[in-house]
Amino acid sequence: MATTTTSTATRQRNGLGTSALRPDGIPKVQGRFAFSSDAWADNMLWGATLRSPHPHARIRSIDTSGALAINGVSAVITADDVPGKLTYGLIASDQPVFARDVVRYVGEPVAAVAADHPETARRALAAIKVDYEVLTPLVDAEAAIDGSFPAMHPDGNVIRRQRVVRGDQEFVGDVVVEGTYEIGMQDQAFLGLEAALALPDDDGGGIELFVATQWLHEDQKQIAACLDVPIERVRLTLGGVGGAFGGREDISLQVHCCLLALVTKRPIKMQYGREESFYGHIHRHPAKIFMRHHADRDGTLRRVEARIVLDGGAYASTSSAVLINAVTHMQGPYKCEIATVDGYAVRSNNPPCGAMRGFGVVQACFAHESQMDKLADACGLSPVDIRLKNAMQTGDRLITGQVVESVAPVARCIRETAALPMPAPLPDDADPLLIPGGAGLTARRSNIRRGVGWGVSIKNLMYSEGFD
């Protein structure tokens, strides 16, 4: 009994074995939680960003005189006003703080203003005159690979190519199914839009930034480099986060906000609206995937062939890491001894893409699970049986050669899910708001159909190959 009491006390003291209260839970329920958009400072100015209306254009000139002439406007900044490094990026530093000579996607920042009121800032943006020479955009990811489009960056249009080759490359299965799958761009669409408050130090040599982000220390390094100030003079405090899902890993308004604060020597608040948020952060990669599965007649998966192309948009962001996740998960949670996978992450004049929940595994899952359904049909098996037959387990080897040493309860997960009862049919007069999936009031009840499908996946840790 004494041992049990001591053990329980230890678990509680360490937080294990207990249901801990979220520190932000009660304030959010009571409406007292301070999101980054709630930040405020005396003598504060409002910052706003001018963005390109073109996916690809040369900047001939920028005339800011009209904006500076507006009463209440304190500053207008462009690439010429960036004191330090002109670019930033989590892996490759290729994304400009402001476009200087060329814009590479719709929404790319060209200038920023500081004014005494958000409406004044908006009028100032409208008064900035940018002379563009519109260029032909690269919008097809395949054109980035075949070399038919001029290089957008010195290192070319292919951010990374990664292959996985294992086993007998001449093997052909008794049953072969294939397909081409396209996954569109998706946005994290977090409810709490981007917002930040920057406070300049009294001596003008440092900055304090309150911002909702996923990566304070990476933000700090990139901001310090762009501002050309010692990293210890850039102090970041995490503002209240209203969702992220990968969309706050990259820089958005951080450098702009800090630079305006240093130039004006006053606190600066920046806050995106919903439309600007879509322009202002990275998205999930669109993908085109060709897959071919080889199996024995009984449905045993023997070989996976795949070619995947991820459209990373105008700048690299974390595309190379997303790609390695995708190619190393192309087999899904299944045993397979032979693999031929060829993956590309490329640049284009589409919006930049990077982290979003799943980080490359989601795109792979859509393809390999569609393939497993095709394979089940070709082998005369149910979607459940084909997955149970091939479910990986401890001791199996992945297509990368890695041995699964941890617990891998894939088959158990499938069996227990298959044993769950199906939802009861909804009556014809059921409230659409109660329909699983949230049909809401957008469709007539009589037009709504509910399908049943299977999808099984695995997800790695540490970005497949680590992340510095």
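Each position in the sequence shown, counted from 1, maps to that position plus 5 in my numbering.
Just so you know, even glycine gets a beta-carbon here, dropped at the ideal spot from N, CA and C.
Asked, Found
"With DSSP run on the structure shown, which of helix, strand or coil describes H290?", "coil"
"Using the C-alpha atoms, what's the distance from R308 back to G178?", "8 angstroms"
"So, using beta-carbon positions, are A149 and V163 closer together than 9 angstroms?", "yes"
"With DSSP as the reference, identify every bridge partner of W51, one or two as the case may be.", "A120, K274"
"What do you reckon, are the CB atoms on A53 and L204 nearer than 9 angstroms?", "no"
"Within a Cβ cutoff of 6 angstroms, which residues of the same chain sit near T333, ignoring the five residues on either side of it in sequence?", "T405, S469"
"If distances are taken between C-alpha atoms only, which option among D192, C370, P235, H61 comes closest to L248?", "First, the residue type needs correcting, since residue 248 is Gly and not Leu in the sequence shown. The residue with the shortest Cα to Cα distance from G248 is D192."
"With DSSP as the reference, label T242 as helix, strand or coil.", "strand"
"Out of R402, G348, Y339, state which residue places its alpha-carbon closest to the alpha-carbon of G460.", "Y339"
"Would D390 and V351 be called neighbours here (beta carbons separated by less than 9 angstroms)?", "no"
"Within a Cβ cutoff of 6 angstroms, which residues of the same chain sit near F215, ignoring the five residues on either side of it in sequence?", "A44, L202, T242, G244"
"Apart from the five residues just before and just after G458, which ones in its own chain have a Cβ nearer than 6 angstroms to its Cβ?", "none"
"For A424 and A381, what's the separation of their Cα atoms in angstroms?", "19 angstroms"
"Can you tell me which of the three DSSP states P205 falls into?", "strand"
"Quick one: measure Cβ to Cβ for R105 and A84, integer angstroms, because I've assumed they're closer than 8 angstroms.", "4 angstroms"
"Drop a sphere of 10 angstroms on the beta-carbon of H61, count the other beta-carbons inside from all chains shown, and report buried for 16 or more, exposed for fewer.", "buried"
"Classify D436 as helix, strand or coil using the three-state DSSP reduction.", "coil"
"On the criterion of 16 or more Cβ atoms from any shown chain inside 10 Å, does H222 qualify as buried, or is it exposed?", "exposed"
"Which term fits P356, buried or exposed, when burial requires 16 or more other beta carbons within 10 angstroms of its beta carbon?", "buried"
"How big is the Cα-Cα spacing for H288 and C341?", "31 angstroms"
"Which one or two residues does DSSP pair with F40 in a beta bridge?", "G245"
"My understanding is that I133 touches T69, with C-beta atoms under 8 angstroms, so please give their C-beta distance in whole angstroms.", "5 angstroms"
"Going along the chain, which residues of its own chain have a beta-carbon closer than 8 angstroms to the beta-carbon of V170, five neighbours each way excluded?", "A344, T345, V346"
"Beta carbon of A116, beta carbon of I67: below 9 angstroms?", "yes"
"Three Cβ pairs or more, each shorter than 8 angstroms: is that satisfied between the region 275-292 and the region 181-200?", "yes"
"Under the three-state reduction of DSSP, which class applies to D136: helix, strand or coil?", "strand"
"Is it right to say I31 is buried, meaning 16 or more other beta carbons lie within 10 angstroms of its own, or is it exposed?", "exposed"
"DSSP on H158, reduced to helix/strand/coil?", "coil"
"On the DSSP letters alone, give me the boundaries of the alpha helix (DSSP H) that I150 sits inside.", "146-151"
"Let me know the secondary structure DSSP gives E281 once reduced to three states.", "helix"
"Just the Cα atoms here: how many angstroms apart are I313 and K90?", "34 angstroms"
"Can you check DSSP and say which residues form a bridge with E183?", "R297"
"Taking only three categories from DSSP, how would you classify A126?", "helix"
"Taking Cβ to Cβ, would you say H286 is nearer than 9 angstroms to R253?", "yes"
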